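What follows is a single structure, written as structure tokens, with notes after it.
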Amino acid sequence: SDVYKRQAQEVADEALALAFERWAEVSSMENPTGWVYGTAKNRLRNQLRRSLLAERFARLRRRDEESFDDAFLEFRSILAGLTARQRHLVIMRHVLQMTEPEIAAELGVPRGTVSSRLRKAHDQIRRSMLLLLLLWSLT
Numbered sequence: 055s056d057v058y059k060r061q062a063q064e065v066a067d068e069a070l071a072l073a074f075e076r077w078a079e080v081s082s083m084e085n086p087t088g089w090v091y092g093t094a095k096n097r098l099r100n101q102l103r104r105s106l107l108a109e110r111f112a113r114l115r116r117r118d119e120e121s122f123d124d125a126f127l128e129f130r131s132i133l134a135g136l137t138a139r140q141r142h143l144v145i146m147r148h149v150l151q152m153t154e155p156e157i158a159a160e161l162g163v164p165r166g167t168v169s170s171r172l173r174k175a176h177d178q179i180r181r182s183m184l185l186l187l188l189l190w191s192l193t
């Protein structure tokens with residue numbers, strides 16, 4: 055289909071552009087063509103995986119909340135305790151499976167900022183989950 059051809063062309067273009075940027079390194083490899091092919095293939099896989107996960111996440115969001123089990127509702131409440139920015143980062147990283155450099159590029163911030171903000175979000179999630187487990191163990 056045209057969508058797949060366009061997507062394949064985009065990842066091929068990205069791989070070639072990356073090879074050009076890193077030509078000093080790539081040109082000294084035993085098989086630069088293989089590197090470009092592998093890079094394009096990996097980028098396409100990542101795009102497809104992210105697309106599938108995004109679709110799955112969208113389907114979950116459309117479900118009626120009553121159909122979720124208690125644990126999922128509790129986890130949603132933990133996520134609701136994060137700031138909107140933290141939730142956005144957690145979704146980009148773990149649902150869409152974007153890397154920290156990809157998130158940084160998307161948001162136009164340094165990678166270290168993304169790493170720091172994600173670490174704070176993860177720490178808050180961890181504390182909330184430990185508290186929840188403690189409360190569950192008392193009941």
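So the number in our numbering is just where the residue sits in the sequence shown, counting from 1, plus 54.
By construction, the Cβ of each residue, glycine as well, lies at the ideal position given by its N, Cα and C atoms.
These numbers were taken from a predicted model, which means no experiment stands behind them.
inquiry  = Taking the beta carbon of L143 as the centre, do at least 16 other beta carbons fall within 10 Å, making it buried, or is it exposed?
reply    = buried
key: Three-state class that DSSP yields for T137 in the structure shown   = coil
N- and C-terminal bounds of the alpha helix (DSSP H) containing V149 = Note, V149: premise wrong, no alpha helix (DSSP H); not H, not E.
ask   = At which residues does the alpha helix (DSSP H) containing V80 begin and terminate?
value = 77-80
query = Under a three-way DSSP split, which group does M83 fall into?
reply = coil
key: DSSP state of D118 mapped onto helix, strand, coil   = Note on D118: pLDDT 49, under 50, position unreliable in the model; the coordinate value appears next. In this structure, D118 counts as coil in the three-state DSSP scheme.
key: Per-residue burial, V57 [other beta carbons within 10 Å of its own, 16 or more giving buried]   = exposed
ask   = Between Q151 and L102, is the Cβ-Cβ spacing less than 8 Å?
value = no
task = Flag A94 as yes when its Cβ comes closer than 7 Å to any non-hydrogen atom of the ligand HEM, and as no otherwise.
result = The ligand HEM is not part of this structure, which contains no ligands at all.
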